[in-house]
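Asks: First the structure, then my questions, so here it is.
2 protein chains.
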Amino acid sequence: MCAVQEEALCGSLERRGLSDLNRIGRLRRVERGETIAWAGEESRNCANILSGLFKLSASTADGREQTVGLLYPADFVGRPYAPRTDYNVTALSEAEICVFPRPAFEETLESDSALEREFLRRTLTALDEARSRQLMLARQTAEQRIARFLLDMAKKMGGARPTPGGPRTFDLPLSRGAIADVLGLTIETVSRQMTKLKAARIIALPGGRAVTIIREAELRGLTAE
Amino acid sequence: MCAVQEEALCGSLERRGLSDLNRIGRLRRVERGETIAWAGEESRNCANILSGLFKLSASTADGREQTVGLLYPADFVGRPYAPRTDYNVTALSEAEICVFPRPAFEETLESDSALEREFLRRTLTALDEARSRQLMLARQTAEQRIARFLLDMAKKMGGARPTPGGPRTFDLPLSRGAIADVLGLTIETVSRQMTKLKAARIIALPGGRAVTIIREAELRGLTAE
DNA sequence: CGCCTTCTTGACTCCTGTCAAGTCCCGTGG
DNA sequence: CCACGGGACTTGACAGGAGTCAAGAAGGCG
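Top line first, the protein sequences correspond to chains B and A. Position 136 (the first sequence) corresponds to 133 in my numbering; numbering is contiguous. Position 39 (the second sequence) corresponds to 36 in my numbering; numbering is contiguous.
The structure is reproduced here in structure tokens:
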């Protein structure tokens, strides 16, 4: 039943506990662009992502948006132990999720210490990531952010390499606008930086949302990390 | 023994568990400016803050620094379940901490589910805060950051109000440089913004690191949240 | 009182945001 | 098959906020 069982939260469970969580979970298909949780709303459900990509975002009073995290298959969605959620969760692609009512999930956490420990580990990892994104947003230039983003995406997306160690091509699962939201930039700046990298022949943009990383070492050099 | 017992992590424990944690903890005094954990270093210890203020920081390759979190009394320091820590932890004032070896702390977490649950809650809160700081660093102007920072600090520091509802005065526990690191700005920009707020008679700067919030409503209006 | 750090202020630069046209891409429908 | 339309993307011109560099002033500690 659970397509991402080895990696997902429920994958850490032994047979018994797993069936507990599966029993309360309900499969749901989500359309691209659909928002499954709104900031300020009561936190009623939690979920595991089975497939697809989501963004976790907040917006300023004047309407500009910032993505504070990307969620991939096997990642967890929701905020246990809080009455409300502070962030929107929106699908960036078609997706499937496994939804639990929050109180039931909390009870399962409390009765299954292996699950709870795994959840704690994941939360600690998410915290490290959120802090690393703070450093990026506060101190990196647009060029450094784009370089880091492309490398991260290449890693996440896999992508074909015609020759071993050679250029790698993959499709960005995000629009320019969504990338801008993630990196704390504007669409125009993202576009200009991509054009600049293309002009420098560090990447190629074969069309659509495809990206080819031609000279990975140079790109890595631009991240200055 | 535990001066912040009601609030600190160990305060959530029942007598039995508490004594477990106290048995492995060791009191330590820390000087202002002292760094008790270095990024990239092996994660050997965890600690509870008993008194004082710490910053959690990272730096870019070119040496600029960013504070990714402030740690107050009763807050937890360290990274269980990871071999290395990614951040520096530095005392911004004289401080006292209660130190546990990381493996012993992990064992205690695993054997005491109430402690583990409390630790999970704290980690979730820290995650929310880290995400909220992402929004600030990505999308707020210098003026908005300063306004929010002053209001946050006023709340944390308490501070005397000569007349109820009237102006409130408190001492900033951070230097201008430390504030700049927290807000993702430079010392000069912090200084200029403070001067601007002073000129607008929204705050006063009586000397030293003291701040008086004269018109709190206006200051709150500037945060645009 | 004097030194040294911290803070303030000024002049200038530059990166990124804003506003405004285009251009590309792709699916739809004639 | 190709023209059309609309969203996504690119490009240009310009402005402005924050960074950088450089003095100076203020404050604290010996």
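Glycine residues also receive a C-beta, built at the ideal position from the N, C-alpha and C atoms. Quantities reported herein were computed from a predicted structural model and do not represent experimental measurements.
(1) Which residues does DSSP list as the beta-bridge partners of Glu93 (chain B)?
(2) If I follow the unbroken alpha helix (DSSP H) through Leu194 (chain A), where does it start and stop?
(3) With burial defined as no fewer than 16 other Cβ atoms inside 10 Å of the residue's Cβ, what is the status of Tyr78 (chain B): buried or exposed?
(4) Label Lys52 (chain B) either buried or exposed according to how many other C-beta atoms from any shown protein chain fall within 10 Å of its C-beta, with 16 as the threshold for buried.
(5) Taking C-alpha atoms, which residue in B:Gly66, B:Leu194 and B:Pro203 lies nearest to Ser129 (chain A)?
(6) Taking the alpha-carbon positions, what's the Pro100 (chain B) to Asn45 (chain A) distance?
(7) How close, in whole Å, do the beta carbons of Leu216 (chain B) and Leu134 (chain B) come, if the pair is a contact with beta carbons under 8 Å?
(8) Quick check on the burial criterion: 16 or more other C-beta atoms within 10 angstroms. Buried or exposed for Ala58 (chain B)?
(9) Quick one: using the 10 Å Cβ neighbour count with 16 as the cut-off for buried, is Thr226 (chain A) buried or exposed?
(10) Out of curiosity, what's the CA-to-CA distance linking Leu126 (chain A) and Leu68 (chain A)?
(11) Can you name the start and end residues of the beta strand (DSSP E) that Glu104 (chain A) belongs to?
(12) Listed from N- to C-terminal order along the chain, which residues in the stretch 97 to 114 of chain A have their beta-carbon within a distance smaller than 9 Å of any beta-carbon of chain B?
(13) Are the C-beta atoms of Asp72 (chain B) and some chain A residue less than 9 Å apart?
(14) With burial defined as no fewer than 16 other Cβ atoms inside 10 Å of the residue's Cβ, what is the status of Glu31 (chain A): buried or exposed?
(15) Does the beta carbon of Glu213 (chain A) sit closer than 9 Å to a beta carbon anywhere in chain B?
(16) Do you know how far the Cα of Leu24 (chain B) is from the Cα of Gln141 (chain B)?
(17) So Tyr84 (chain B) packs on Ala36 (chain B), CB below 8 Å; how close in whole Å?
(18) Cβ closer than 9 Å: which chain B residues qualify as neighbours of Tyr84 (chain A)?
(19) Look at the alpha carbon of Val27 (chain A) and the alpha carbon of Arg136 (chain A), and state the distance between them as a whole number of angstroms.
(20) Rounding to the nearest angstrom, what Cα-Cα distance links Ala71 (chain B) and Ala177 (chain A) in this structure?
(21) Might you give, ordered along the chain, the residues of its own chain that have their beta carbon closer than 7 Å to the beta carbon of Arg12 (chain A), omitting 5 neighbours on each side?
(22) Report yes or no: do the stretch 205 to 215 of chain A and the stretch 158 to 174 of chain A share at least 3 C-beta pairs separated by less than 8 Å?
(23) Step through the CB atoms of chain A and report whether any lies within less than 9 Å of the CB of Gly66 (chain B).
(24) If you reduce the DSSP assignment to three classes, tell me which class Ser227 (chain B) lands in.
(25) Do you know whose CA, among B:Ala139, B:Ala111, B:Glu113 and B:Ala175, lies nearest Ser90 (chain B)'s CA?
(26) Applying a beta-carbon distance threshold of less than 7 Å, which residues of chain A neighbour Gly204 (chain B)?
(27) Ignore the nearest five residues each way along the sequence and tell me which others in Thr229 (chain B)'s own chain have a CB closer than 7 Å to its CB.
(28) If you reduce the DSSP assignment to three classes, tell me which class Gly66 (chain A) lands in.
(29) My understanding is that Leu47 (chain B) touches Glu93 (chain B), with C-beta atoms under 8 Å, so please give their C-beta distance in whole angstroms.
(30) Rounded to a whole number of angstroms, what is the C-alpha to C-alpha distance between Ile21 (chain A) and Phe73 (chain A)?
(31) How big is the Cα-Cα spacing for Met(-2) (chain A) and Glu104 (chain A)?
(32) Quick one: grab the DSSP three-state call for Glu215 (chain B).
(33) Buried or exposed for Arg145 (chain A), going by 16 or more other Cβ atoms inside 10 Å?
(34) What residue does the alpha helix (DSSP H) around Gly174 (chain B) start on, and which one ends it?
(35) Does the beta-carbon of Asp149 (chain B) have 16 or more other beta-carbons within 10 angstroms, so that it is buried, or is it exposed?
Replies: So, to answer that:
(1) B:Arg26 and B:Ser48
(2) Ile184 to Ala196
(3) exposed
(4) buried
(5) B:Gly66
(6) 30 Å
(7) In fact, because the Cβ distance is near 20 Å, the residues do not count as touching under 8 Å.
(8) exposed
(9) Residue 226 (chain A) falls outside the range modelled here, since chain A spans only -2 to 222, and no answer is possible.
(10) This sequence places Glu at residue 126 (chain A); Leu is not what is there. Computed Cα separation, rounded: 12 Å.
(11) That residue, Glu104 (chain A), is in no beta strand (DSSP E); its alpha helix (DSSP H) goes Arg99 to Ser108.
(12) Leu106, Glu107, Ser110, Glu113 and Arg114
(13) no
(14) exposed
(15) no
(16) 39 Å
(17) 5 Å
(18) Asp125 and Arg128
(19) 35 Å
(20) 37 Å
(21) Model confidence at Arg12 (chain A) stands at a pLDDT of 42, short of 50, so the residue's coordinates are unreliable; what they give is reported in the following sentence. Nothing meets the Cβ criterion.
(22) yes
(23) yes
(24) Outside the modelled stretch of chain B, which goes from -2 to 222, sits residue 227 (chain B), for which no answer is possible.
(25) B:Ala175
(26) Those do not exist, as Gly204 (chain B) stays about 30 Å from chain A at its closest Cβ, beyond 7 Å.
(27) In the structure displayed, chain B extends from -2 to 222; residue 229 (chain B) sits before or after that span and is not available.
(28) strand
(29) 4 Å
(30) 15 Å
(31) Note that Met(-2) (chain A) scores a pLDDT of 48, beneath 50, so its modelled location is shaky and nothing firm can be said.
(32) helix
(33) buried
(34) Arg173 to Leu180
(35) exposed
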